[in-house]
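So the protein sequences, as listed, match chains A and B. Counted from 1, the first sequence has number 227 at position 227 by this note's numbering; the numbering is strictly sequential. To convert, take the position in the second sequence, counting from 1, and add 358; that gives this note's numbering.
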Amino acid sequence: MSSRATVGPPKKTASYYLEKIATNYWVRTIAKKLLIVWIVMTLTFFIIRALPGNPVEIMVMSLMDSGLSSEEAYARAASLLRIDLDAPLGKQYLDYMTNLLHGDLGDSYVLAINKPVATLIAQRLPWTLFSVGTSLLISFIIGMFLGTLAAYWRNSFIDHALTNFSAAIESIPNTLTAIVLVLLLGVTWKVVPLNFMRGSLSPGIKPGFTTAFLVDLFKHYAVPGAVYVFSTLGGWMLSMRSSTISTLGEDYVTVARARGLPDLRIITAYVGRNASLPLITGLAISLGFAVGGSILIESIFVYQGIGLLLNQAIAKRDYPVMQGILLVTTITVILSTALADLLYGWLDPRIRVTGGGE
Amino acid sequence: MSKIETAPAPQKRPNEALRTLKLLARNRIGLLGLIIFVLMTFMSLVGPLIVPPETQAHVEQIYQPPSAAHPLGTDFQGREMWKMVIHGGRDVLIVAFLAGILTTLVAVTVGAASAFFGGWVDSLLMSITDMWLTIPRFLLLVVVATLVRLENVWMLALFLAFFGWPGLARQIRSQVLSLKQREYIEAAQLLDLGSAHIIFREMLPNMMSYIVIAMINAMTSAIYSQTGLVFLGVVPFGNNWGVMFSLAYAKNAIYNPNAAASLLVPMGAIILFQISLVMLSRSLEEIFNPRLQRGV
């Protein structure tokens, strides 16, 4: 619209458009998310650099452990790690942020010297996304099924058994689940060979669409995947149960019953569909968090994902890698919550995101 | 509790706690949870005063499986597991209690203030809460725990609370929002009784059951995160259940059939305590919110 068009009743000046943009739902949402990313990055930048011990010191210590004198160790570490930690913190921060704006996450200090962090993360992220994603989906489906069962036969023996079991397994730390599974499956019963509980692929297997790769992938995934499923199953079951119970009380379900519709149709089309709405948003949100929560499980199973990488990076004080991973996980969480909002509006036409107000 | 009652008298509260206990005793699962909870708390707090600590290694009896001489077996230094378990509960429990209380305190303050005052207070507090919910908190907790040597239980509890409050704050907010619609709150507002009176005398007593349940749940998640942090080695503590199983795991006790006890006993203690908390909170929920059962 040209600025000369002054005839129309609402005067559309530049400030009108500016205001329109400033109050636009999407603009506000994106601005908020960018603010969160910036806060997380700033926070982690300074926290990480305040950690006791810097990369050089940690490397000197490990070199001295292997028998070098302290001068030799310092000289070796200085030649290996060409990083300048003496620059003022403010300058380091500005440099980091400028690089970040250009999409450059920096190079790794210690773990893979001078390798771009983005490459490192790109190698590891698919493993976490694959293992966590598939397990979440499996546990979600089982949880929905069990939750529906419990809601239909509520106050029966099945219901009590399922709900108490779910509440109990939800409270058991996943570290413990992992150790118990390794102990039972790997050591006591010897169902799964122990080398399938370390790493994410056997040495010598190349990724690709070959049977050998897929079988090996599954074998390494089975136990850590089971841990993820076991530790998230309870939550899905309990929320599906309560969601189904509240849906069962809705008038349209009573009407559907009165109309004499077959039970299966009521369960799937009337109750199931509506009851699973809040859970599907939950699924998107927890996918984002699971990427961050994988640090423990991946450390136990030496699964080559992003959580293990972070653990290694913390141990070696590899600042750019730590920073990069925190950035990636934050962005995953933000994207998945945004996805959840979109999904909800799409699945449930009653709650459409409306423009304008809060 | 009927809706007509306008102001629940504060002096009635001790009786109410007693009444809750009586109701809990009638609920089988709740009673069992309560018994386990009390026994384990008693064991961890009073036990160390009676049983001398195991301070010395006994090289001649490393990794003994459970037997009459060693009821729960021995660990990698030949120490008696049953004595270690008694001494290892105190820190876990204290951190859980403190973190539970602190988390609830922050969540109630933020949630209640947000819902009660509304307007810009509400949008500001909820923006912060949402932001805090979006941050990958466990990872940040790991990084921060490496930075601040969380050597005493207070610091650890404070940190767990600092990272654990936002979800609960949202729940409290929606609770207060729905309470605000009740007749007796409207009546109190019409009587101009003041915000402090309405929040502390009218709303909180009616949310007490909800808050107690939330606190128990916060304790459960405090133990959950604490276990993970100890396992990652970022929380150094002398002796507690988490350290015991992490050390046993680090010493490869998992591959030694004789050493299974040194791994399973502390893990069992954590799991049992967690389950007792869950049983308690679920039974309390059933007692206070019978509609949950009938499923309306």
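Positions of the beta carbon are idealized from the N, C-alpha and C atoms, including for glycine.
Own chain partners of residue i with C-beta closer than 8 Å, once the 5 adjacent residues on each side are dropped
i	result
leucine 498 of chain B	Phe521
glutamine 651 of chain B	Note that glutamine 651 of chain B has pLDDT 49, beneath the 50 cutoff, so the model's placement of it is unreliable and the number below is only indicative. Glu644.
glutamate 363 of chain B	The predicted position of glutamate 363 of chain B is uncertain, since its pLDDT is 48 and thus under 50; no value can be drawn from it.
isoleucine 21 of chain A	Val27
alanine 222 of chain A	Val192 and Phe196
Beta-carbon contacts of residue i that lie in its chain and below 7 Å, excluding the five residues immediately before and after
i	result
tyrosine 74 of chain A	Val60
leucine 389 of chain B	Leu382 and Ala383
aspartate 216 of chain A	Leu201, Ser202 and Ile205
isoleucine 48 of chain A	Tyr319, Met322 and Gln323
phenylalanine 45 of chain A	Tyr93, Tyr96 and Gln323
lysine 219 of chain A	Phe196
phenylalanine 646 of chain B	Ser567
asparagine 99 of chain A	Gly106
aspartate 159 of chain A	Ala150 and Trp153
glutamine 547 of chain B	Ile556
Supposed contact pair residue j and residue i - C-beta distance, whole angstroms, cut 8 Å
i	j	result
leucine 430 of chain B	methionine 439 of chain B	4 Å
leucine 516 of chain B	alanine 572 of chain B	At roughly 18 Å, the Cβ-Cβ gap does not stay under 8 Å, so leucine 516 of chain B and alanine 572 of chain B are not in contact.
valine 588 of chain B	valine 601 of chain B	6 Å
phenylalanine 395 of chain B	serine 641 of chain B	About 11 Å; that fails the 8 Å criterion.
valine 187 of chain A	tyrosine 613 of chain B	6 Å
arginine 448 of chain B	leucine 403 of chain B	6 Å
isoleucine 530 of chain B	alanine 465 of chain B	5 Å
phenylalanine 434 of chain B	serine 620 of chain B	7 Å
methionine 577 of chain B	phenylalanine 455 of chain B	7 Å
proline 52 of chain A	leucine 505 of chain B	7 Å
arginine 124 of chain A	isoleucine 306 of chain A	5 Å
methionine 401 of chain B	asparagine 597 of chain B	Not quite, the Cβ-Cβ distance comes to about 15 Å (not below 8 Å), so this is no contact.
leucine 347 of chain A	leucine 277 of chain A	6 Å
threonine 232 of chain A	leucine 136 of chain A	6 Å
isoleucine 113 of chain A	arginine 317 of chain A	Going by Cβ atoms, the distance from isoleucine 113 of chain A to arginine 317 of chain A rounds to 14 Å, so no, they are not a contact pair.
leucine 392 of chain B	leucine 638 of chain B	6 Å
glutamine 584 of chain B	leucine 514 of chain B	7 Å
Proximal residues to residue i (C-beta, below 6 Å), its chain only, five neighbours per side dropped
i	result
valine 654 of chain B	Here valine 654 of chain B scores only 35 on pLDDT, less than 50, and its place in the model is too uncertain to base an answer on.
valine 409 of chain B	Lys441 and Ile444
leucine 342 of chain A	none
serine 166 of chain A	Gly234, Met237 and Leu238
C-beta contact flag for residue i and residue j at 9 Å
i	j	result
proline 224 of chain A	glutamate 298 of chain A	yes
threonine 330 of chain A	isoleucine 142 of chain A	no
leucine 120 of chain A	leucine 111 of chain A	yes
methionine 240 of chain A	alanine 151 of chain A	yes
threonine 175 of chain A	leucine 296 of chain A	yes
alanine 118 of chain A	glycine 103 of chain A	yes
valine 333 of chain A	valine 291 of chain A	yes
glycine 282 of chain A	alanine 338 of chain A	no
proline 494 of chain B	phenylalanine 289 of chain A	yes
valine 302 of chain A	glycine 199 of chain A	yes
alanine 415 of chain B	glycine 436 of chain B	yes
threonine 397 of chain A	alanine 275 of chain A	This structure does not reach residue 397 of chain A, given that chain A is present from 1 up to 358, and the question cannot be answered.
tyrosine 270 of chain A	alanine 258 of chain A	no
valine 229 of chain A	serine 139 of chain A	yes
asparagine 616 of chain B	glutamine 422 of chain B	yes
valine 511 of chain B	valine 453 of chain B	yes
glutamine 632 of chain B	proline 173 of chain A	yes
Residue i: first and last residue of the uninterrupted alpha helix (DSSP H) it sits in
i	result
serine 407 of chain B	The question names serine, but residue 407 of chain B is leucine in the sequence shown. Here the alpha helix (DSSP H) through leucine 407 of chain B covers 386-408.
methionine 197 of chain A	Unbroken run through methionine 197 of chain A: none, as it is neither H nor E.
leucine 111 of chain A	First-last for leucine 111 of chain A: undefined, no H or E at that position.
leucine 183 of chain A	Segment: none, leucine 183 of chain A is in no alpha helix (DSSP H) and carries neither H nor E.
aspartate 216 of chain A	211-248
phenylalanine 301 of chain A	295-301
alanine 340 of chain A	319-347
threonine 561 of chain B	According to the sequence provided, residue 561 of chain B is methionine. The question's threonine does not apply to it. Looking at the DSSP string, methionine 561 of chain B is not in any alpha helix (DSSP H), and its letter there is neither H nor E.
valine 255 of chain A	251-258
serine 166 of chain A	157-171
tryptophan 440 of chain B	439-475
tyrosine 152 of chain A	117-152
glutamine 547 of chain B	541-548
Within-9 Å CB hit, residue i to chain C
i	result
glutamate 170 of chain A	In summary, chain C is missing from the structure at hand, where the protein chains are A and B.
- With 7 Å as the limit, tell me which residues of the region 22-37 of chain A have their beta carbon closer than that to any beta carbon of chain B; keep them in chain order. Ile36
- Message: Can you pull out the residues from the region 484-500 of chain B whose beta carbon lies closer than 9 Å to at least one beta carbon of chain A?
- Response: Ser485, Asp488, Met489, Leu491, Thr492, Ile493, Pro494, Arg495, Phe496, Leu497, Leu498 and Val500
- Query: For the region 161-192 of chain A, which residues have a CB atom closer than 9 Å to at least one CB atom of chain B, in sequence order?
  - Reply: Thr163, Asn164, Ala167, Ala168, Glu170, Ser171, Ile172, Pro173, Asn174, Thr175, Leu176, Ile179, Val180, Val182, Leu183, Gly186, Val187 and Thr188
- Members of the region 288-314 of chain A near chain B, C-beta cut-off 9 Å: Gly288, Phe289, Val291, Gly292, Gly293, Ile295, Leu296, Ser299, Ile300, Gly307, Leu310, Asn311 and Ile314
- Task: Identify each residue in the region 320-333 of chain A for which the Cβ-Cβ distance to at least one residue of chain B is less than 9 Å, and report them in chain order.
- Result: Met322, Ile325, Leu326, Thr329, Thr330, Thr332 and Val333
- If contact means a Cβ-Cβ distance below 8 Å, which residues of the region 38-49 of chain A contact chain B? Ile39, Val40, Leu43, Thr44, Ile47 and Ile48
- Task: Could you name the residues of the region 599-633 of chain B whose beta carbon sits closer than 8 Å to any beta carbon of chain A, in the order they occur along the chain?
- Result: Phe603, Tyr607, Ile612, Tyr613, Pro615, Ala618, Leu621, Leu622, Met625, Ile628, Ile629, Gln632 and Ile633
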